[in-house]
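Below is one structure, written out as structure tokens, with a few remarks after it.
Number of protein chains: 4
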Amino acid sequence: MSAVAVRAMFRSHPEKPPHAEIISRCIDSCFSCVETCTACADACLSEREIEHLVACVRLNLDCAAVCNATGNIMSRANKAGHRQLLEALLANCIAFCRACASECARHAERHQHCQVCADACTACAEACNEMLNTMRMPA
Amino acid sequence: MSAVAVRAMFRSHPEKPPHAEIISRCIDSCFSCVETCTACADACLSEREIEHLVACVRLNLDCAAVCNATGNIMSRANKAGHRQLLEALLANCIAFCRACASECARHAERHQHCQVCADACTACAEACNEMLNTMRMPA
Amino acid sequence: MSAVAVRAMFRSHPEKPPHAEIISRCIDSCFSCVETCTACADACLSEREIEHLVACVRLNLDCAAVCNATGNIMSRANKAGHRQLLEALLANCIAFCRACASECARHAERHQHCQVCADACTACAEACNEMLNTMRMPA
Amino acid sequence: MSAVAVRAMFRSHPEKPPHAEIISRCIDSCFSCVETCTACADACLSEREIEHLVACVRLNLDCAAVCNATGNIMSRANKAGHRQLLEALLANCIAFCRACASECARHAERHQHCQVCADACTACAEACNEMLNTMRMPA
Chain L
15 MSAVAVRAMF
25 RSHPEKPPHA
35 EIISRCIDSC
45 FSCVETCTAC
55 ADACLSEREI
65 EHLVACVRLN
75 LDCAAVCNAT
85 GNIMSRANKA
95 GHRQLLEALL
105 ANCIAFCRAC
115 ASECARHAER
125 HQHCQVCADA
135 CTACAEACNE
145 MLNTMRMPA
Chain Z
15 MSAVAVRAMF
25 RSHPEKPPHA
35 EIISRCIDSC
45 FSCVETCTAC
55 ADACLSEREI
65 EHLVACVRLN
75 LDCAAVCNAT
85 GNIMSRANKA
95 GHRQLLEALL
105 ANCIAFCRAC
115 ASECARHAER
125 HQHCQVCADA
135 CTACAEACNE
145 MLNTMRMPA
Chain H
15 MSAVAVRAMF
25 RSHPEKPPHA
35 EIISRCIDSC
45 FSCVETCTAC
55 ADACLSEREI
65 EHLVACVRLN
75 LDCAAVCNAT
85 GNIMSRANKA
95 GHRQLLEALL
105 ANCIAFCRAC
115 ASECARHAER
125 HQHCQVCADA
135 CTACAEACNE
145 MLNTMRMPA
Chain P
15 MSAVAVRAMF
25 RSHPEKPPHA
35 EIISRCIDSC
45 FSCVETCTAC
55 ADACLSEREI
65 EHLVACVRLN
75 LDCAAVCNAT
85 GNIMSRANKA
95 GHRQLLEALL
105 ANCIAFCRAC
115 ASECARHAER
125 HQHCQVCADA
135 CTACAEACNE
145 MLNTMRMPA
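So the protein lines, in turn, are chains L, Z, H and P.
So for the first sequence, the numbering used here puts the first residue at 15; every next one is plus one.
So for the second sequence, the numbering used here puts the first residue at 15; every next one is plus one.
So for the third sequence, the numbering used here puts the first residue at 15; every next one is plus one.
So for the fourth sequence, the numbering used here puts the first residue at 15; every next one is plus one.
So, in structure tokens, the structure goes:
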């Protein structure tokens, strides 16, 4: 549902931002990753062998923080003159998502929630990368 | 997609939280409302008669902040002993969503983004209310 | 330093919000509590008997989320007509701060970071309560 | 007060993070910048010539989002193996703070709140830069 809403927002934004579909997917993937990472951190806290999952909890919380900021900032249009800021933001978000996906993947066989989280992080990295490539294309 | 991911997280959480479907819908509606309110605030900033939309921008940002906190906190299971905290949190989130929906509705005829945002706020208030009613039911 | 900056902001805000000193202290205590709760959650994750601190980690993260929203919303002036929303927000923040202070206090003898965090939560609850009492005073 | 609390947290963290003083200043400057940027965005919304301040409002909100994520992530210790992530995060935060400081500086003569905010952004960029330089030093 949220994907539908965010697309409708961009279609009705007075600035008529280009690439509305790709921006919408980027924002939606970021907030989906916030949800999944926050929930994975909590699920890890309930596991018995929690001491093996502390690094995963920390990366989950880090990734949620970066994705929250990225989704928030990408929701604001009209960044003319700030392309470099956004490119660095997206690159940073991709790096955190990949690091978190990689840590989660280490526990994915034993913990289904880590598998779900690894998938959400990978999907977010891909959506941010698509956004980044689109921004870098000659207009 | 995010709705699917958050449901899968709750199904694989070691605490086996009851009402996983209702919690998932509540969390997902909160983050959807964060997205929509953030985007509506920005769309308002691009409108010509911005001075009529300042109250809307402020309520959008307030509502996004409360929904972000609510979605984050509801993602953590095992709140035994803290039912009162959660009930007050949900009641507060519902109140902000309704206030923002009501302000957005005033501008909905002229600005489609305000209509989309009013709908997302109303949906979030309903999902939080369903969660609240479920928590208050005798176990 | 942040306390000084936020006071200077309110003194230069065109709305001339009343009670600038009390609002500033409330906002600053909220963000101080965000910092302390976030750091306490992380310190708990590094303790040996982490399984006794899981409830503390969760309340730390909950309290940080609520204080972040409260500090953010209190930073926006001109809430005429929304006094009830703010009162419920502050009351909710106070309740989370007290619950977190109480949980941290249980571990304060063994873990100095829990003592520091309990103090920050108590200070935030007091600053929010002072704000709440000020709002309820007849103008 | 918050600066004192965050220092006390790092002194009592079981990991004994090196450079506790510099980390504390970095975190505290980030949250101070969140407060100031959030308040500056709101003060701009109350100015008469708001249409000249829309870019400032947007950068204020962007900068607050990035500083919130950076302060949050820097509060988690034990990032062995993730130095590159943190360096990119800090570099990104510095870039947003400088962009926001520069935009605020354009309005600083007319609006005292923009001057206060430009100073907070500059201080945050400096504290993050000091952190970055410290991380890059040979151990």
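Even for Gly, the Cβ is constructed at its ideal location relative to N, Cα and C.
I'd like to check one pair, residue j with residue i: are the Cβ atoms closer than 8 Å?
i, j, result
"L:C118", "L:C138", "no"
"L:T84", "Z:S89", "no"
"H:N82", "H:A55", "no"
"H:H125", "H:E65", "no"
"L:L146", "L:E101", "yes"
"P:A132", "P:A141", "no"
"L:F24", "L:I37", "yes"
"H:L99", "Z:A113", "yes"
"Z:C128", "Z:C47", "no"
"Z:I108", "Z:N86", "no"
"L:M149", "L:R97", "yes"
"Z:V130", "L:S26", "yes"
"L:A22", "Z:E49", "no"
"Z:V71", "P:L59", "yes"
"Z:P28", "L:A57", "yes"
"H:P31", "H:A78", "no"
Mind pulling the chain H residues with CB within less than 7 Å of residue i?
i, result
"P:E29", "S60"
"Z:N86", "A79"
Could you give the residue range of the alpha helix (DSSP H) that holds residue i?
i, result
"H:S26", "Note, H:S26: premise wrong, no alpha helix (DSSP H); not H, not E."
"P:M13", "Since the displayed chain P opens at 15 and closes at 153, residue 13 of chain P lies outside it and no answer follows."
"L:I183", "With chain L running from 15 to 153 in the structure shown, residue 183 of chain L is simply not present."
"L:A127", "Sequence check: residue 127 of chain L is His here, not Ala. It spans 126-150 - the alpha helix (DSSP H) in which L:H127 sits, taken as one unbroken run."
"Z:E117", "97-120"
Taking Cβ-Cβ distances shorter than 9 Å, what residues in chain L pair up with residue i?
i, result
"P:L146", "Ordered by position in chain L, no residue passes the 9 Å Cβ test against P:L146, which lies about 13 Å from the chain."
For residue i, return the contacting residues in chain L, with the cut-off set at a CB-CB distance below 7 Å.
i, result
"Z:M23", "T50, A53, C54, A57, H127, V130"
Residues of chain Z with CB closer than 7 Å to the CB of residue i, please, in chain order.
i, result
"L:R90", "D56"
"H:D76", "I87, R90"
Could you list which residues in chain P have their beta carbon closer than 9 Å to that of residue i, in chain order?
i, result
"H:A14", "Residue 14 of chain H falls outside the range modelled here, since chain H spans only 15 to 153, and no answer is possible."
Counting only Cβ pairs nearer than 8 Å, list the residues of chain P close to residue i.
i, result
"L:A102", "A102, A105, N106, A109"
Give the interface partners of residue i over in chain H, defined as CB-CB distance under 9 Å, in chain order.
i, result
"P:A19", "S46, C47, E49, T50, A53, V130, C131, D133, A134, A137"
Which chain P residues sit within Cβ distance under 7 Å of residue i?
i, result
"H:I41", "E49"
In chain L, what lies closer than 8 Å to residue i by C-beta?
i, result
"P:H33", "In chain order: nothing, as chain L lies at least about 18 Å away."
Contact set between the segment 62-74 of chain Z and chain P, restricted to residues whose Cβ is under 8 Å from the partner: I64, E65, V68, V71, R72
Where the segment 43-64 of chain H meets chain P: residues whose CB sits under 7 Å from a CB there: F45, S46, V48, E49, T50, T52, A53, C54, D56, A57, S60, E61
Against chain L: residues of the segment 104-129 of chain P by CB proximity under 8 Å: A105, N106, A109, F110, A113
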